[in-house]
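Numbering (the working numbering), first residue to last: 130 to 315.
Backbone N, C-alpha and C fix where the C-beta goes; we use that ideal spot for every residue, glycine too.
Model, not experiment: these values are computed from the prediction.
Written out below as structure tokens is the structure these notes cover.
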């Protein structure tokens, strides 16, 4: 029962941190809806069972089974994960560039997760460190990967305020380009 309440508190604290960060970017709807799938039985039950407090329960589930069913459920329903944007085509996998608003939410998610799991050990270099040591970059669109590295490096070097100011501009500019491109294909 203790793990139940600790996991519930962890995912709720994470959601609230992401929400506040998304609001800084003007991503209000995404902030409010972020990670609601973590409260579904497919994700919540394994989250409680494999809860450790210092890392994602999905990592432990993956160690036990070789994969995480909760992660497969989660990434298939949450567009702020780059893994959502992978498809298979004639020549193999196709890694689609993330739309700007989901890219922004992904950065908020990474910062919030680092803050939650690292606690007092967090500093603005930690999301970049995680990206460099644990992110499977070969499974990500090259432009998305380059943009993510740029913004996480900016966070590490200049801090959250500067990074969010530039990220907000990036989202606005790229969202307009995405709408124009969609209009031309209609």
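Legend entry - Complete alpha helix (DSSP H) runs within the stretch 222–295 (minimum length 4 residues, chain order): Qualifying alpha helix (DSSP H) stretches, in chain order: 229–247, 255–263 and 271–287.
Inset, instruction - For the stretch 184–195 and the stretch 282–297, state whether three or more C-beta atom pairs, one from each stretch, are separated by less than 8 Å. - result: At 8 Å Cβ cutoff, the stretches do not touch.
Inset, instruction - Sort out for me which residues DSSP pairs residue 218 with in a bridge. - result: Under the DSSP definition of a beta bridge, residue 218 partners with 221.
Legend entry - Residue from 151, 233 and 302 with nearest C-alpha to residue 281: It is 233 whose Cα lies nearest to the Cα of residue 281.
Inset, instruction - Would you kindly work out how many angstroms separate the C-alpha atoms of residue 150 and residue 159, rounded to a whole number? - result: Near 10 Å, if we compare the C-alpha coordinates of residue 159 and residue 150.
Legend entry - Delimiting residues of the alpha helix (DSSP H) encompassing residue 149: Here the alpha helix (DSSP H) through residue 149 covers 131–153.
Inset, instruction - Would you mind stating whether residue 156 and residue 293 have Cβ atoms separated by less than 9 Å? - result: No, Cβ-Cβ distance for residue 156 and residue 293 is not below 9 Å.
Legend entry - Cα-Cα separation between residue 173 and residue 207, rounded to whole angstroms: Approximately 15 Å, taken between the alpha carbons.
Legend entry - Beta-carbon proximity check, residue 142 vs residue 240, cutoff 9 Å: Not a contact, by the Cβ cut-off of 9 Å.
Inset, instruction - Could you check which residue in 162, 145, 202 and 190 has the C-alpha nearest to that of residue 170? - result: The residue with the shortest Cα to Cα distance from residue 170 is 202.
Inset, instruction - Below 7 Å CB to CB, which residues in the same chain sit around residue 296 once its five sequence neighbours on both sides are set aside? - result: Answer for residue 296: 154, 233, 236 and 280, listed in chain order.
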